[in-house]
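Heads up: the structure comes next, in structure tokens.
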Amino acid sequence: MGSRVRVWLNRTYAENVFFMDQLRSNPQHRAVEIHATHGDPDSPVLAAADVASMEPEGLSPRAYVEYALDHCARHSIDVFVPVLHQAAVVAQRAEFAAVGTALLAPPTEAVTVFQDKVTAYEAVQAVGVPVPPWWRVRTAEQLVAAVEALESSGHKACFKPAAGAGGVGFRVITRAPFSLMHLNGFPSPYVPLELVVDALREADHPVDWLVMPRLEEPEVSVDCLTGPDGRVRMAVGRTKGGRRRGFTLHPSWIEPARLLAEAFELHYLTNIQFRMYGDEPVLMDVNTRPAGGLHQLSQCGVNAPWAAVQLALGEETGEVVPPFLGQDYTVVSGPRPVRAVSLPQQRTDTPAAPLPGVPAPTTGPAPSPATEPASTTVTVTATAGAAIAPA
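Heads up: the sequence shown at position 244 corresponds to 244 in UniProt numbering, and the numbers run straight through without jumps.
In structure tokens form, the structure reads like this:
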């Protein structure tokens, strides 16, 4: 069975409740104690953890590292999966090792390269992996020049922050003037060029954007598992086309991902994303952390989180090869519990005005202090994505 393994996930995204589920259902039936910290008391990862606590706010990266080291030492954490302040944490890998904690994250150099998309694209090109054409933009004039260059080649232009994750700030440029078309239906990523230009000219500071062509589907996210020795143990692609999801081991996606994982020492769990530029797969992004959809590999019979923890503990996994490629599937949301929150009961000597159409409550004597509850417990739910195969 082996001894209990303590794993800590710091301020992470809600989908990692599935990461936790997979650690608990590991094929070795090993006992796992999962710790989670977050700044949001309603994050589902806190409810999913065995030991949960709120993180202090306003810490500098170095102060956060001190907090993390203390947390690992006090709780005897075996494996730490850092998301918040990842670069600052991995820079102190030796300090974490000294308190008995292994970091499930790549080395400092790899994290630094892929924090900035321009630096990343330049480095990736140097090892022979194709990337789309791109422009670094800080002013309205630079944006217009980049958009015109792309449109003259027959492409739609899009932009996103040069540093960022999760598609935050991604927009597609359109020449259509702002109209009711932009207000009908659900919010769209399309934004008129003239509005973006006006916003840039009125801004009190420059932006730092990457402008590039809007790449075509399919999108393929290759989840890689690489040991601290630099050897890739697993590389499986998850395909995305519209709502349909699937899996692939095709060399056109897998080989460049393996090359990047080895060339840049992308140790442990990383996610490398590709899309199509014309008829060629090109790199879109590299995430130096486990992907939010990593758990979907369970549809292929793979428990990647547990294999990564084994490698972090110094245990060899061998090649992690899917025993089968699951059928195509889609992703839906479902409720997840959050931790119960105690709220002080509010009292007032003046009744609140009744809402329109709602009868005013019947007045009566106030409850005595001896019987009045001190607090009310409120439990709410949050959602996270789960993969299901079509019927």
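Note that the Cβ used here is the ideal one computed from N, Cα and C, for glycine as well.
By a beta-carbon distance limit of 8 angstroms, V220 does not contact C300. Their separation comes to about 14 angstroms. Per DSSP, reduced to three states, the secondary structure at Y64 is helical. The Cβ atoms of A105 and T226 lie no closer than 8 angstroms to each other. Per DSSP, the continuous alpha helix (DSSP H) segment holding A140 begins and ends at 140–152. If one requires a minimum length of 4 residues, the alpha helix (DSSP H) runs lying completely within the segment 41–128 are 44–48, 61–75, 86–90, 93–98, 108–113, 117–126, in chain order. As the crow flies, the alpha-carbon of E202 is around 11 angstroms from that of T139.
Residue pairing of M212 in beta bridges, as defined by DSSP: C158. For R233, there is no enclosing alpha helix (DSSP H); the residue is part of the beta strand (DSSP E) that begins and ends at 232–241. A check of alpha carbon separations from A73 across D50, A163, A102, L260 identifies A102 as the nearest. Relative to the Cα of F114, the nearest Cα in the group G164, P213, E316 belongs to G164. Secondary structure of R258 (DSSP, three-state): helix. The DSSP-derived three-state label of E202 is helix. Contact between V309 and V79 is confirmed by a C-beta separation of about 5 angstroms, below the 8 angstroms threshold. Here K156 is near V172, since their CB atoms are less than 8 angstroms apart.
Between Y64 and H85, the C-beta spacing is below 8 angstroms.
DSSP places M20 inside the alpha helix (DSSP H), whose first and last residues are 16–24.
Residue environment for E216: exposed (fewer than 16 other C-beta atoms within 10 angstroms of its C-beta). By DSSP's assignment, F274 forms a beta bridge with V220, L283. Looking at the DSSP output, H35 sits in a beta bridge with W8, V51.
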